[in-house]
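Numbering (my numbering), first residue to last: 2 to 364. No residue lacks a Cβ here, since even glycine has one placed at the ideal position from N, Cα and C. Because the structure is a prediction, the values reported are computed rather than measured. Worksheet for the structure shown next.
As structure tokens, this is what we get:
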């Protein structure tokens with residue numbers, strides 16, 4: 002009993018000591034403020050780690066940069082030493098601003114350099130915050146690279162190029178042109194007229210786009226309205242409310258389209274593909290699939306249907322006419338199926354090449 006009480010007391014003391022060590026971190030900070038000339042035709046390049054970036058558009062022909070740097074360490078002298086070594090490098094030349102967040106080495110001596118190669122980080126990234134608050138002309142071009150922090154953009158709609166890792170992006174105004182590469186985070190934006198997005202492991206939420214290209218993996222994608230979409234998807238969950246035309250490939254992905262007003266051209270493998278409504282009566286649909294499930298509502302359309310299938314299941318409405326099945330290889334269940342659907346003389350081309358899988362056309 003005494004031994005148990007003794008062990009419990011030691012555990013409580015250790016826990017209290019650990020909590021005290023965490024709470025007793027020394028915090029130090031500094032603020033850097035700079036202003037430079039910059040016009041709507043100018044360009045900003047920003048490379049940052051361990052902090053958040055806020056971008057604001059304004060009417061001035063200048064860029065205002067405010068950098069808030071905070072460091073936490075157990076010893077105040079260590080915190081001050083690290084703080085002194087964090088100095089953003091800012092270059093301004095001919096309507097071009099370049100900012101790089103730098104953490105300098107402790108010493109330039111030979112021994113120090115050898116030591117730092119063996120121990121490249123004398124700090125925990127969780128104990129550093131390098132935050133930027135920037136005002137710049139509304140149409141200036143921006144190129145941002147950021148890791149371990151969020152990005153918020155307001156009142157700005159210039160050309161954007163961005164590489165973001167381990168952080169979220171909020172864009173509160175419509176953009177004309179955006180090229181975004183992102184890993185481990187969430188992208189939420191109102192409108193991107195022309196967008197190119199490469200995404201891995203996260204979430205995409207876009208209200209509207211005219212022309213969009215997405216290359217994604219392990220991502221949940223939600224789009225309200227996109228006129229033209231090219232997608233290369235792997236292990237994604239995709240929901241689109243209003244879609245014009247789509248082309249690309251789905252690998253191990255799930256796609257749900259509420260309404261499609263133009264053509265579909267997709268290749269898919271081990272995918273789920275659902276279409277609730279085809280708005281165009283003579284829509285052209287070309288799908289090559291393997292081991293996938295397709296469920297497409299064709300009500301209101303007029304199509305010439307052709308399918309080349311190996312194994313798998315095909316289900317079509319009873320209202321199909323001129324149905325013809327050509328058995329190419331009975332043992333392998335390779336067959337060609339053709340049929341017609343709809344009353345309009347102008348018909349769309351509905352072509353499916355399939356191996357295994359389930360294909361359901363419904364009304």
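6 Å Cβ shell around residue i - same chain, five flanking residues per side excluded
i, result
"residue 313", "355, 357 and 358"
"residue 169", "151, 186 and 187"
"residue 273", "255 and 294"
"residue 363", "298"
"residue 114", "Model confidence at residue 114 stands at a pLDDT of 44, short of 50, so the residue's coordinates are unreliable and nothing is read from them."
"residue 243", "226 and 260"
"residue 210", "193, 196 and 227"
"residue 172", "154 and 190"
"residue 322", "341"
"residue 181", "163 and 198"
"residue 214", "197 and 231"
"residue 287", "266 and 352"
"residue 315", "360"
"residue 99", "46 and 92"
"residue 245", "228, 229, 262 and 263"
Three-state class that DSSP yields for residue i in the structure shown
i, result
"residue 39", "coil"
"residue 334", "coil"
"residue 272", "coil"
"residue 162", "strand"
"residue 194", "strand"
"residue 103", "coil"
"residue 187", "strand"
"residue 263", "coil"
"residue 77", "helix"
"residue 48", "strand"
"residue 85", "helix"
"residue 283", "coil"
"residue 95", "coil"
"residue 173", "coil"
"residue 246", "strand"
"residue 180", "strand"
"residue 53", "coil"
Closest by C-alpha distance to residue i, when choosing among the options
i, options, result
"residue 233", "321, 241 and 254", "254"
"residue 360", "324, 308, 100 and 206", "308"
"residue 284", "53, 321, 261 and 230", "261"
"residue 338", "328, 74 and 166", "328"
"residue 46", "317, 227 and 144", "144"
"residue 141", "49, 159 and 90", "159"
"residue 199", "208, 212 and 218", "218"
"residue 296", "247, 30, 318 and 174", "318"
"residue 131", "93, 68, 324 and 231", "68"
"residue 48", "205, 81, 92 and 268", "92"
"residue 250", "331, 265, 269 and 239", "269"
"residue 106", "94, 213, 84 and 99", "84"
"residue 224", "205, 236, 235 and 212", "205"
"residue 344", "51, 332, 315 and 300", "300"
"residue 320", "331, 302 and 333", "302"
"residue 174", "202, 51, 207 and 281", "207"
"residue 27", "62, 79, 53 and 220", "79"
Cutoff 8 Å; reference residue i; Cβ partners in own chain excluding five residues on either side
i, result
"residue 271", "252, 253, 291, 292 and 293"
"residue 65", "34, 35, 36, 135, 136 and 137"
"residue 59", "136, 137, 138, 139 and 156"
"residue 96", "38, 39, 40, 42, 43 and 44"
Own chain, CB closer than 7 Å to residue i, minus 5 neighbours either side, in chain order
i, result
"residue 305", "341, 348, 350 and 351"
"residue 336", "310, 326, 327, 328 and 329"
"residue 346", "none"
"residue 280", "260, 261 and 262"
Residue(s) in a DSSP beta bridge with residue i
i, result
"residue 210", "193 and 227"
"residue 138", "59"
"residue 203", "186 and 220"
"residue 349", "304"
"residue 257", "240 and 275"
"residue 360", "295 and 315"
"residue 290", "269 and 355"
"residue 233", "216 and 250"
"residue 26", "For residue 26, which the question treats as bridged, DSSP gives no partner whatsoever."
"residue 341", "305 and 322"
"residue 147", "49 and 165"
For residue i, the first and last residue of its enclosing beta strand (DSSP E)
i, result
"residue 296", "294-298"
"residue 155", "152-155"
Cutoff 8 Å: residue i Cβ touching any chain D Cβ
i, result
"residue 259", "This model lacks chain D altogether, as it is built from one protein chain only."
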